[in-house]
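A short write-up of the structure that comes next.
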Amino acid sequence: MKLHLTEKLFLVGGATSGLGKAIVEQLIAEGALVIAVARTRSKLTTLQQTSDRIEVVAGDLSSEAVLDEVLTKIGDRVLTGAVINSGGPPAMPVLETTLSDWDNAYKTVVRWKIGLTQALLPKMMEQEYGRLLYIESVATKQPVENLVLSNAMRLAVTGYVKTLAQEIGASGVTLNILGPGYHATQRMENLFAKNSELKGIPEEEIRRTFSEQTAVKKIGQPEDFASLALWLLSPHSSYITGQTITVDGGLVKGVMG
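Numbering of the sequence shown is given in our numbering, commencing with residue -16 and proceeding in unit increments.
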């Protein structure tokens, strides 16, 4: 299947590691152009050296200055789609959290995504085409142990995206969420370490326990996740909007997963 992404411009957050990096690599392989955003400039430089189709912006998308830099980088060009993605809040159980943790989690997971969406949306609606793809978590369908901040805030994003998709459904702009399950990323390594600390169990045993929770009995690879992301960023997905799709190897047990 041809995805028709050649020479199309995309914005990708969290572009230098894990799922975001895998999406960037597959977009480039399809001939797309990418504005890659991440916090660490050295990692962005390394990524940019892999292709002359990559432009970079270093910084945190929750910062208005970085958002302004991204919008300046896009300029008058047609932005075909955006992958709205970044790391999540720290792993912890409910009783370890403070109100300050909750305030920070709102800023980390929710607030900046609304700001970015509202900045990109008018131009996409004017051109009557756009793909907004939010990378959240399997927690949108099923809570993940010791990730209460993520579990709660991801649902806020889900409500926002679903509502907006209903309001602008006829505009030609689609909005969808991908909820990754357990993939081989640094985020998962951090979760393994936290669970190991809390339970006094070796990390390798924790990793094995997480794998056994899935139907396929293994941790996913970022490349597998990115292949679905690319389809949702393509013209083929025009009849899919307001959806939350988990990519989880059968982790979610509910029939609505």
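The beta-carbon is built from N, C-alpha and C at its ideal position, and this holds for glycine as well. Computed from a predicted structure; not experimentally measured.
query	result
Grab me the residues of Leu16's own chain with a C-beta within less than 6 Å of its C-beta, minus the 5 sequence neighbours each way, in chain order.	Leu(-8) and Arg36
Whole angstroms is fine: what's the gap from Val238's alpha carbon to Asp231's?	14 Å
Between the beta-carbon of Thr55 and the beta-carbon of Leu27, is there less than 8 Å?	no
Are the C-beta of Leu215 and some C-beta of chain B separated by less than 8 Å?	The structure shown contains no chain B, having only a single protein chain.
Looking at the unbroken alpha helix (DSSP H) that takes in Ala139, where does it start and where does it end?	Val131 to Glu150
What is the DSSP secondary structure of Met75, reduced to helix, strand or coil?	strand
Given this structure, state the Cα-to-Cα distance separating Gly240 from Pro105, to the nearest angstrom.	32 Å
Spatial neighbours of Asp84 within its chain, please: CB distance less than 8 Å, with the 5 preceding and 5 following residues excluded, ordered by chain position.	Pro72, Pro73, Met75 and Leu132
Quick test of your reading: Tyr112 and Gly155, contact by CB under 8 Å. State the CB separation rounded to the nearest angstrom.	5 Å
Which whole-angstrom value is the C-beta distance of Leu181 and Asn129, which I expect to be below 8 Å?	6 Å
Alpha carbon to alpha carbon, what distance is there between Asp51 and Gly162?	28 Å
Quick one: residues in its chain with C-beta nearer than 6 Å to the C-beta of Arg60, no 5 flanking neighbours on either side, listed in chain order?	Leu(-8)
Please state whether DSSP places Leu213 in a helix, a strand or coil.	helix
Does DSSP classify His(-13) as helix, strand or coil?	coil
What is the DSSP secondary structure of Glu38, counted as helix, strand or coil?	strand
Identify which residue in Ala19, Gln169, Gly58 and Leu174 has its Cα closest to the Cα of Met107.	Gly58
Does the separation of the CB atoms of Leu215 and Asn159 fall below 8 Å?	yes
Let me check one thing: in DSSP terms, what residues is Thr192 bridge-paired to?	Note: Thr192 sits in no beta bridge, so no partner.
Assuming Ala176 and Glu186 make a contact with CB atoms under 8 Å, what is their CB distance in whole Å?	6 Å
Applying the criterion that 16 or more other CB atoms from any shown protein chain within 10 Å of the CB defines a buried residue, is Glu8 buried or exposed?	buried
Consult DSSP for Leu44 and reduce its assignment to one of helix, strand or coil.	coil
Roughly how many angstroms separate the alpha carbons of Lys64 and Arg114, rounded to a whole number?	Note that residue 64 is Gly in the sequence shown, not Lys. Rounded to whole angstroms, Gly64 to Arg114 spans 4 Å at the Cα level.
Determine whether the beta carbon atoms of Glu245 and Arg137 lie at a separation below 8 Å.	This structure gives no information on residue 245, because the portion of the chain shown stretches from -16 to 240.
Between the Cα of Val235 and those of Lys200, Pro218 and Ala167, spot the shortest distance and give me the residue it belongs to.	Lys200
May I ask you to check if the CB of Gln204 is nearer than 7 Å to at least one heavy atom of the ligand GDP?	Of the ligands one can find in the structure shown there are none, so the ligand GDP has no counterpart to examine.
What residue range does the alpha helix (DSSP H) around Asn159 cover?	First-last for Asn159: Val156 to Pro163, but that is the beta strand (DSSP E), not the alpha helix (DSSP H).
Once you ignore the five residues that flank Gly203 on each side, which residues in its own chain have a CB closer than 6 Å to its CB?	His166 and Gly232
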